[in-house]
Amino acid sequence: MEKTQINAASTSRRISRGLITTPVQSPPFALSYVSADDFAQHQSRVSDRLLGAIAFGAEPSAIAVPDCPYAWVDMPLLAGDVVFEVWTSAQPVVREAEDGITSARNHDILFGCLHLEPACGLDKATFEAYSHIFDFIDRRGYGHPLRAWNYVPQINDDEDGLERYARFNMGRHDAFVAKNRIIGMSTPAASALGSRGKHLTIYFLAGKQAGQLVENPRQTSAFHYPAQYGPRSPTFARATLLQAAGEPQLFVSGTSSIVGHVTMHAGDAPAQTRETVANLLTVIEQARLAGFDAASSNARLMLKAYLRRPDDLAMAQACLKQAFGAATQVVYLQADICRADLLVEVEGVYINRAEPVL
Ligand code: 3EB
4 MEKTQINAAS
14 TSRRISRGLI
24 TTPVQSPPFA
34 LSYVSADDFA
44 QHQSRVSDRL
54 LGAIAFGAEP
64 SAIAVPDCPY
74 AWVDMPLLAG
84 DVVFEVWTSA
94 QPVVREAEDG
104 ITSARNHDIL
114 FGCLHLEPAC
124 GLDKATFEAY
134 SHIFDFIDRR
144 GYGHPLRAWN
154 YVPQINDDED
164 GLERYARFNM
174 GRHDAFVAKN
184 RIIGMSTPAA
194 SALGSRGKHL
204 TIYFLAGKQA
214 GQLVENPRQT
224 SAFHYPAQYG
234 PRSPTFARAT
244 LLQAAGEPQL
254 FVSGTSSIVG
264 HVTMHAGDAP
274 AQTRETVANL
284 LTVIEQARLA
294 GFDAASSNAR
304 LMLKAYLRRP
314 DDLAMAQACL
324 KQAFGAATQV
334 VYLQADICRA
344 DLLVEVEGVY
354 INRAEPVL
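The numbering of the sequence shown is the numbering used here, which starts it at 4 and goes up by one.
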């Protein structure tokens, strides 16, 4: 069968030109990274299909806050001023807010966002945030968390004798247990990075249908990390694979220079970046063995690369371009990584890109 790459916008164009007469299953959602100007210009055209928009940059964007799940993550971009990560649905969405969660959903998936200033310790604030997320998605029938992004203020700082990332992990793990999630089965792909400012931002995709977990044989599963990294292990899968309508979507977690559970190449950013690429390629290969069609070209791959040190930008750009080619879009951000000795983290999604811009 001929492989075509179709998204919502191109599907309707083809149908209207009469080129396709049989119904086409369009994938339920798409992603794009756009400038603030492009977002401001195009958002009204897609407003009834906006699942969520997250702005990244050292300054909040001047554009009007959209009427959809939205947050600004206080994190400098290494190229450009503000970038919007925009999730769109092929069909109109239903929006609802509760317990500090703003959400939008279509038939298949729910996008949710929390953006709050912790009023208590980070472990308790994280526990409450994740408990609310599970209640929220369960009540609406989207009980399978697929992907979570966690932006944690001052992630490497000490809070009452424990690193804040370790406190975050305690709250997250305990919420998974309290809400009856089986860790290692119902575990989303994730990222956890340090942000500036005061806000804890968590946004996520949850599905009616479960995703398939993908792990990395080069790495200990994060949920099995030993206690030397904190009293509770991080609760995430290396990737999740969703066989949605259209083409498979693969969510690859934040990936770093870790082999087994040990940080490799401390202080050596080029070597850490190469190790990170080796881990990314291994996870993608594992997904292929689990049914992901890796023929899906790298033009469907979108990456976010987090660098602790801005001076590593040119090196990281060269390394990722060599590994994934020029067709892969990469957003570069400056962030603290969750282990103080990590300099680089890279996450990715194989997904249908929205066209033309959104
Ligand atoms: C690692 O592999 C690097 O705590 O949600 C990557 C992705 C990392 C997600 C998380 C942490 C998280 O352990 C750090």
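All residues carry an ideal CB built from backbone N, CA and C; glycine is no exception.
Start and end of the beta strand (DSSP E) containing V280? Locating residue 280 in the sequence shown gives position 277, where the first residue counts as 1. Run containing V280: none in the beta strand (DSSP E); it sits in the alpha helix (DSSP H), 272-292.
For C341, is the beta carbon positioned less than 7 Å from some heavy atom of the ligand 3EB? As a working mapping, residue 341 is identified with position 338 in the sequence shown. Flag set: Cβ of C341 near the ligand 3EB.
Work out the CA separation of T331 and K324 for me, nearest whole Å. Counted from its first residue, the sequence shown places residue 324 at position 321. Counted from its first residue, the sequence shown places residue 331 at position 328. Rounded to whole angstroms, K324 to T331 spans 8 Å at the Cα level.
What first and last residue would you give for the alpha helix (DSSP H) that runs through F327? Position 324 of the sequence shown, counted from the start, is the residue given in the question as residue 327. Where F327 is concerned, the enclosing alpha helix (DSSP H) stretches over 316-327.
Please report how far the alpha carbon of I66 lies from the alpha carbon of V265, in whole angstroms. Locating residue 66 in the sequence shown gives position 63, where the first residue counts as 1. Locating residue 265 in the sequence shown gives position 262, where the first residue counts as 1. Each residue's alpha carbon lies about 43 Å from the other.
For S134, the first and last residue of its enclosing alpha helix (DSSP H): Your numbering for residue 134 matches position 131 in the sequence shown. 125-143 is the extent of the alpha helix (DSSP H) around S134.
Hey, would you say the C-beta of P220 is under 7 Å away from at least one heavy atom of the ligand 3EB? Position 217 of the sequence shown holds residue 220. For the ligand 3EB, not one heavy atom lies less than 7 Å from the Cβ of P220.
Can you say whether I136 is buried or exposed, counting buried as having 16 or more other CB atoms within 10 angstroms of its CB? The count along the sequence shown starts at 1 and reaches residue 136 at position 133. Looking at its Cβ environment, which holds 16 or more other Cβ atoms inside 10 Å, I136 is buried.
For P313, count neighbouring Cβ atoms within 10 angstroms of its own Cβ and tell me buried if that reaches 16, exposed if not. Your numbering for residue 313 matches position 310 in the sequence shown. Exposed, by the Cβ-count rule.
Could you give the distance in angstroms between the alpha-carbon of E99 and the alpha-carbon of D51? Here residue 99 is taken as the residue at index 96 of the sequence shown, counted from 1. Here residue 51 is taken as the residue at index 48 of the sequence shown, counted from 1. Taking the straight line joining both Cα atoms gives about 13 Å.
Proximity to E278 [Cα-Cα], best of V334, N219, F239, G294: Locating residue 278 in the sequence shown gives position 275, counting from the first residue. Closest option to E278, Cα to Cα, is N219.
Could you tell me if the beta carbon of I186 falls within a distance shorter than 7 Å of some heavy atom in the ligand 3EB? Counting from 1 along the sequence shown, the entry for residue 186 is found at position 183. Outside the cutoff, so no.
Note down the Cα distance separating A56 from A93, rounded to an integer number of angstroms. Taking the sequence shown and counting its residues from 1, one reaches residue 56 at position 53. Taking the sequence shown and counting its residues from 1, one reaches residue 93 at position 90. For A56 and A93, the distance between alpha carbons rounds to 15 Å.
Does the Cβ of G214 lie closer than 7 Å to at least one heavy atom of the ligand 3EB? Position 211 of the sequence shown, counting from 1, holds the residue named residue 214. Because no heavy atom of the ligand 3EB lies under 7 Å away, the Cβ of G214 does not count as near it: no.
Check whether the Cβ atoms of L203 and P148 lie closer than 8 Å to each other. Position 200 of the sequence shown, counted from the start, is the residue given in the question as residue 203. Position 145 of the sequence shown, counted from the start, is the residue given in the question as residue 148. Not closer than 8 Å, so no.
How many Å lie between R142 and A317 at the Cα? To locate residue 142, count along the sequence shown from 1; it is residue 139. To locate residue 317, count along the sequence shown from 1; it is residue 314. R142 and A317: Cα-Cα distance of roughly 46 Å.
I'd like to check one pair, G187 with S134: are the Cβ atoms closer than 8 Å? Sequence index remark: in the sequence shown, residue 134 carries index 131 (1-based). Sequence index remark: in the sequence shown, residue 187 carries index 184 (1-based). No, they are not a contact pair.
Determine the burial state of R167: buried for a count of at least 16 other Cβ atoms within 10 Å of its Cβ, exposed for fewer. The residue given as residue 167 occupies position 164 in the sequence shown. Answer is buried; the Cβ neighbour count reaches 16.
Between the CA atoms of L53 and C71 - distance to the nearest angstrom: By 1-based counting over the sequence shown, the position of residue 71 is 68. By 1-based counting over the sequence shown, the position of residue 53 is 50. The straight-line gap from Cα to Cα measures roughly 6 Å.
P237 beta carbon near the ligand 3EB (any heavy atom closer than 7 Å): Walking along the sequence shown from the start, residue 237 turns up at place 234. Correct: P237 has its Cβ closer than 7 Å to the ligand 3EB.
Would you please verify whether the beta carbon of D163 is less than 8 Å from any beta carbon of chain C? The question asks about chain C, but that chain is absent: this structure has only one protein chain.
Given a threshold of 16 other Cβ atoms within 10 Å of its Cβ, counted over all protein chains shown, does C116 qualify as buried or as exposed? Position 113 of the sequence shown, counting from 1, holds the residue named residue 116. By the neighbour-count rule (16 or more Cβ atoms within 10 Å), C116 is buried.
Using a Cβ-based criterion (distance less than 7 Å to any ligand heavy atom), does S194 qualify as near the ligand 3EB? Taking the sequence shown and counting its residues from 1, the one referred to as residue 194 is at position 191. For the ligand 3EB, at least one heavy atom lies less than 7 Å from the Cβ of S194.
Option in L244, P229, T243 with minimal Cα separation from P237: Numbered from its first residue, the sequence shown carries residue 237 at position 234. Answer by Cα proximity: P229.
Reduced DSSP category for H268 - H, G, I as helix; E, B as strand; rest coil: The residue you call residue 268 lines up with position 265 of the sequence shown. Three-state DSSP puts H268 in coil, outside helix and strand.
How would you call G328, buried or exposed, if buried means at least 16 neighbouring beta carbons within 10 angstroms? Against the sequence shown, residue 328 aligns to sequence position 325. Exposed, since its Cβ has fewer than 16 Cβ neighbours within 10 Å.
Can A33 be considered in contact with the ligand 3EB, in the sense that its beta carbon sits closer than 7 Å to one or more heavy atoms? Residue mapping note: residue 33 aligns to position 30 of the sequence shown, counting from 1. No, the beta carbon of A33 sits no closer than 7 Å to any heavy atom of the ligand 3EB.
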